[in-house]
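Asks: Quick one: the structure is below, and I'll ask about it shortly.
Number of protein chains: 4
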Amino acid sequence: MQPPSAQEIAATVSASMHRDDRCAALLGIEPVAVAPGSAVMRMTVRKDMANGHAICHGGLIFTLADTAFAHACNSYNVVSVAAGCSIEFLLPAQIGDTLTASAEQRVVRGRSGVFDITVSNQHGETVALFRGKSHRLNEPVVAAAGEAVPDD
Amino acid sequence: MQPPSAQEIAATVSASMHRDDRCAALLGIEPVAVAPGSAVMRMTVRKDMANGHAICHGGLIFTLADTAFAHACNSYNVVSVAAGCSIEFLLPAQIGDTLTASAEQRVVRGRSGVFDITVSNQHGETVALFRGKSHRLNEPVVAAAGEAVPDD
Amino acid sequence: MQPPSAQEIAATVSASMHRDDRCAALLGIEPVAVAPGSAVMRMTVRKDMANGHAICHGGLIFTLADTAFAHACNSYNVVSVAAGCSIEFLLPAQIGDTLTASAEQRVVRGRSGVFDITVSNQHGETVALFRGKSHRLNEPVVAAAGEAVPDD
Amino acid sequence: MQPPSAQEIAATVSASMHRDDRCAALLGIEPVAVAPGSAVMRMTVRKDMANGHAICHGGLIFTLADTAFAHACNSYNVVSVAAGCSIEFLLPAQIGDTLTASAEQRVVRGRSGVFDITVSNQHGETVALFRGKSHRLNEPVVAAAGEAVPDD
Chain G
80 MQPPSAQEIA ATVSASMHRD DRCAALLGIE PVAVAPGSAV MRMTVRKDMA NGHAICHGGL
140 IFTLADTAFA HACNSYNVVS VAAGCSIEFL LPAQIGDTLT ASAEQRVVRG RSGVFDITVS
200 NQHGETVALF RGKSHRLNEP VVAAAGEAVP DD
Chain E
80 MQPPSAQEIA ATVSASMHRD DRCAALLGIE PVAVAPGSAV MRMTVRKDMA NGHAICHGGL
140 IFTLADTAFA HACNSYNVVS VAAGCSIEFL LPAQIGDTLT ASAEQRVVRG RSGVFDITVS
200 NQHGETVALF RGKSHRLNEP VVAAAGEAVP DD
Chain P
80 MQPPSAQEIA ATVSASMHRD DRCAALLGIE PVAVAPGSAV MRMTVRKDMA NGHAICHGGL
140 IFTLADTAFA HACNSYNVVS VAAGCSIEFL LPAQIGDTLT ASAEQRVVRG RSGVFDITVS
200 NQHGETVALF RGKSHRLNEP VVAAAGEAVP DD
Chain B
80 MQPPSAQEIA ATVSASMHRD DRCAALLGIE PVAVAPGSAV MRMTVRKDMA NGHAICHGGL
140 IFTLADTAFA HACNSYNVVS VAAGCSIEFL LPAQIGDTLT ASAEQRVVRG RSGVFDITVS
200 NQHGETVALF RGKSHRLNEP VVAAAGEAVP DD
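Protein chains in written order, with this note's numbering: chain G, 80 to 231; chain E, 80 to 231; chain P, 80 to 231; chain B, 80 to 231.
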C-alpha cells in the first residue's frame, strides 16, 4: 500500500479538524479548499455577528482568518499552534457579506512558520490582511495519517 | 444642568455599544468596568468555543480582547474603529475558564490611538497580550451624550 | 510633451529619496530596482553592524526593509510615512552576508496601504519578513515629478 | 562568597553586551539603566540618521528600541533573541532630538517572553511604541556571571 500523498494528508487533517471545530460550527465557517501549506475558508456575516457599530465584529473576521491559518499550518499533520498574529483591517464587512479567507505559507523553518491570510468579500475587495506565526509541537494531528514535509 | 463627566460619558457609550453588540451576546461577553480610556470585559469559555485541538479558539480570545479595546477607544464618545491589531498567545484557555480582558490606553494623538489589552484567566495567568491601533472618525457613538477629551 | 509614466515617476522619486537618505549612506544601503508599488534594496553586513551576539543587529535588518518599504510606498510621488511595522526574524544574518529587501504593495486604499517586504541573504534564504502600514500625506515627494495612481 | 544578585547579573550582562555592540557604537546608543527584566537606552538623532524626508529614519528608532529590548530580555544571563517585533510610529523624531527607550518585561513564560518598549523624546512625548517577542536559548550571555530567574 502506498503512503498517503501530502495532499491526502492535508485533506485528512483538515476534515478531522473541521469535524471537531465547535467554534467554526457556531460561526458557520466552511472549508473551501486545503492543500499542503494552504487553506481557504468561507463565512457569511450574520446579524448576530455585528458589533455595536452594526458591522461585522473584527474579532470574527480574525476568527475566520485564524481558522484558515490553523488548517494551513496543520496541513502536514504536525500539531501547530498560533504563537502570535497581526491583522490589518482595510474595509468593514457588512451583514450579508460572504467573506473568504485564503491562507498561504510564507516560510516554515524548524518549528516556526509564517503564514499570510487574505480576507476578501464577495466583490473581491480585500477586507483584512492577517499574518500568523505558527509553532510546531512534536505530535500528529491525526494519529494514523502520516506526516508531510513542508517545502521551503 | 451640568454637562456629563468623562466617566458618565464612558458609561453611557459602553452601555449603548453593549446593548447593540450581537456578537458579544453570542459569545456571552459581559462588561465588568469602563472608564475614560479603559474597559474590562469577561467571557467564560464554552464547549462550542473550542477549536479542533479542544481548547478555546484563539479567534474568540481575540474577539474578547477586541471588544474591551472597542469600549476603551470609544469611551470619549467619538467613533473609533480598529485599524490593526496584534496578539501574542501565551497560554491556552481551557473549556470552563473565565477570561478577563483589561484594556488600557497607551497613547491617543490626533485621530490615532494605541491601546494595550491583557487577557488573564481565573488564576491570574496571562493568556494573551493584544495591542490595538484605533482610528477616530468625526462622529459621536451616542448622539446626545457629549464628548470627552483624552489625556495624553 | 508627454506626462511621465508611472515607472518614470517611481524612478525619479526613488533617486531623489536615496540622494537625501543619510542613513542609507551610513549603512551602505543601495537601491537595486524600483517600480510603481515596489522596490528592492541591498546591504552588506559590516562588522560595525553586529550586536553583542556577533550577528547583524536586528534593527539594521529592519532599517534595510524599512528603506525598501519607503521607496515602494512613496513611488507614486505622494509622501507616505510608516504608521506601523512588524517584523519576524527567521534566520540570523552574519557579518559579510549580502541582504536583499524586496518590497511589494499588497493593498493601497485611500490614505492607507500595506506593503510586504522579504529580506533574503545571498543564498536565497529568507532572513526576515516585514509588513508595513503606510499613511499618505497630501504632498508630493518631488514637486515637479507628477503623481501616479496605485492599482488595487 | 555570595552568589551575585539578580541586579548584579543584569549589570554585568548589559555591560558585556554594550562593550561588544558595534552597532550601538555606530549610532551613539548609550545605556542609561538596567535591572532584571528592564533596560533604558538613549540616542541623539544626528544628521546622518535622517531619511529622505529629513527626519530620523524609523529603522534607527526601531534599532534604539530593539537595543533596549535586547538588554532587558538578556538581563537574566540566558541568551535571548528577538523572534519578532512590532512598532507603532506616533511622532516623527527631528535631527537633534534625544530619544530614550525604556524596555519593560510584560511576561516571561518558558522560553518565550514579551517586552514593551516606549520611545520618548526630550519633551516626554511618546515617539514610538515597540513590542518584542523574545526566545531563550540554553546558554549564558556571560559564562561566569550566574543566572537569574524571571518573576512572572
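Glycine included, every Cβ here is placed at the ideal spot set by N, Cα and C.
Mind pulling the chain G residues with CB within less than 8 angstroms of Glu-167(E)?
Replies: Near Glu-167(E) (Cβ distances below 8 angstroms), the residues of chain G are Ala-162 and Gly-163.
Asks: Does Cys-102(P) get closer than 8 angstroms to chain B when you measure Cβ to Cβ?
Replies: Yes, because at least one Cβ of chain B sits closer than 8 angstroms to the Cβ of Cys-102(P).
Asks: Would you grab the beta carbon distance between Arg-156(B) and Ala-224(B) for me? Rounded to a whole angstrom, and I think it's under 8 angstroms.
Replies: Before going on, a small fix: residue 156(B) reads as Asn here, not Arg. With 8 angstroms as the limit, Asn-156(B) and Ala-224(B) qualify as a contact, their Cβ atoms being about 5 angstroms apart.
Asks: Taking only beta-carbon atoms, is Thr-205(G) less than 8 angstroms away from chain P?
Replies: Answer yes: the Cβ-Cβ gap between Thr-205(G) and chain P drops below 8 angstroms somewhere.
Asks: Going along chain B in order, which residues have a C-beta closer than 8 angstroms to the C-beta of Asp-145(P)?
Replies: Those are His-136, Gly-137, Gly-138 and Phe-141, listed as they occur along chain B.
Asks: Name the chain G residues that come within less than 8 angstroms of Leu-170(P), Cβ to Cβ?
Replies: Correct list: Arg-188.
Asks: List the residues of chain E that Leu-208(B) touches, going by C-beta distances under 9 angstroms, in chain order.
Replies: Simply Arg-185, Val-186, Val-193, Asp-195 and Arg-210.
Asks: Given that Val-233(B) touches chain P, what residues does it touch there, using C-beta distances under 8 angstroms?
Replies: Here chain B comprises residues numbered 80 to 231, so residue 233(B) is not present and cannot be evaluated.
Asks: In the structure shown, what three-state DSSP assignment does Leu-170(P) receive?
Replies: Three-state result, Leu-170(P): coil.
Asks: My output table needs one value for Arg-188(B): the three-state DSSP class, helix, strand or coil.
Replies: Strand.
Asks: Three-state secondary structure (DSSP) at Arg-98(E)?
Replies: Three-state DSSP puts Arg-98(E) in a helix.
Asks: Return the chain-ordered list of same chain residues with a C-beta closer than 6 angstroms to the C-beta of Glu-109(B), the five sequence neighbours on each side being excluded.
Replies: So the qualifying residues of the chain are Arg-121.
Asks: Below 8 angstroms CB to CB, which residues in the same chain sit around Ser-117(G) once its five sequence neighbours on both sides are set aside?
Replies: Once the five neighbours on either side are set aside, the close Cβ partners of Ser-117(G) are Ala-151, Ser-154, Ser-181, Ala-182, Glu-183 and Gln-184.
Asks: Less than 8 angstroms between CB atoms is the rule here; does Asp-127(B) satisfy it with respect to chain P?
Replies: By this cut-off, Asp-127(B) is an interface position.
Asks: Is the beta carbon of Phe-168(P) sitting closer than 8 angstroms to the one on Ala-207(P)?
Replies: Yes, the pair counts as a contact, with Cβ atoms nearer than the cut-off.
Asks: Determine, for His-97(G), whether the minimum Cβ-Cβ distance to residues of chain E falls below 8 angstroms.
Replies: So, interface residue.
Asks: Using alpha carbons as the reference points, say which of Arg-190(B), Pro-83(B), Gln-201(B) and Val-186(B) lies closest to Asp-176(B).
Replies: The residue with the shortest Cα to Cα distance from Asp-176(B) is Gln-201(B).
Asks: Check whether chain C comes within 8 angstroms of Ala-151(G), counting only Cβ atoms and requiring the distance to be less than that.
Replies: Any reference to chain C falls outside this structure, whose protein chains are G, E, P and B.
Asks: Please report the distance separating the alpha-carbon of Lys-212(B) from that of Ser-84(P).
Replies: Between Lys-212(B) and Ser-84(P), the C-alpha separation is close to 43 angstroms.
Asks: Can you tell which of Phe-209(B), Gly-203(B), Asn-130(B) and Ala-149(B) has its C-alpha closest to the C-alpha of Ala-103(B)?
Replies: Of the listed residues, the one whose Cα sits closest to Ala-103(B) is Ala-149(B).
Asks: Taking C-beta to C-beta, are Cys-164(G) and Phe-209(G) nearer than 8 angstroms?
Replies: Yes. Within cutoff.
Asks: Mind listing, in chain order, the continuous beta strand (DSSP E) runs of no fewer than 3 residues lying wholly within the stretch 87-142 of chain P?
Replies: Listed in chain order, the complete beta strand (DSSP E) runs (minimum 3 residues) inside the stretch 87-142 of chain P are 109-114 and 117-123.
Asks: Would you mind sorting Pro-82(G) into buried or exposed? The rule is 16 or more other CB atoms within 10 Å of its CB.
Replies: So Pro-82(G) counts as exposed.
Asks: Of all Cβ atoms in chain E, is any one closer than 8 angstroms to the Cβ of Leu-178(G)?
Replies: Judged by the 8 angstroms Cβ criterion, Leu-178(G) is not in contact with chain E.
Asks: Tell whether a beta-carbon distance below 8 angstroms holds between Met-96(E) and Val-220(E).
Replies: In contact: Met-96(E) and Val-220(E) (Cβ atoms closer than 8 angstroms).
Asks: Is it the case that the Cβ atoms of Val-119(E) and Thr-179(E) are separated by a distance below 8 angstroms?
Replies: Contact: yes.
Asks: Just how far apart, CA to CA, sit Asp-100(P) and Val-160(P)?
Replies: Near 14 angstroms, if we compare the C-alpha coordinates of Val-160(P) and Asp-100(P).
Asks: Any idea what DSSP makes of Ala-207(E), helix, strand or coil?
Replies: Strand at Ala-207(E).
Asks: Could you tell me the alpha carbon to alpha carbon distance between Val-124(G) and Phe-141(E), rounded to whole angstroms?
Replies: Approximately 18 angstroms, taken between the alpha carbons.
Asks: Taking 8 angstroms as the threshold (C-beta atoms), are Pro-115(G) and Ala-144(G) in contact?
Replies: Not in contact: Ala-144(G) and Pro-115(G) (Cβ atoms no closer than 8 angstroms).
Asks: Between the C-alpha atoms of Gly-131(G) and Asn-217(P), what's the straight-line distance to the nearest angstrom?
Replies: Cα to Cα, the separation comes out at about 32 angstroms.
Asks: Helix, strand or coil for His-202(P) per DSSP?
Replies: Here His-202(P) sits in coil by DSSP.
Asks: Rounded to the nearest angstrom, how far is the Cβ of Thr-146(G) from that of Gly-138(E), given a contact under 8 angstroms?
Replies: Yes, Thr-146(G) and Gly-138(E) are in contact; Cβ-Cβ is about 7 angstroms, under 8 angstroms.
Asks: Give me whichever residues DSSP pairs with Ser-165(P) in a beta bridge.
Replies: Arg-210(P) and Ser-165(B).
Asks: Do you know how far the Cα of Gly-107(B) is from the Cα of Ser-93(B)?
Replies: Whole-angstrom Cα-Cα distance: 16 angstroms.
Asks: At the level of alpha carbons, what is the spacing between Asp-127(B) and Ser-199(B)?
Replies: Answer to the nearest angstrom: the Cα atoms are 20 angstroms apart.
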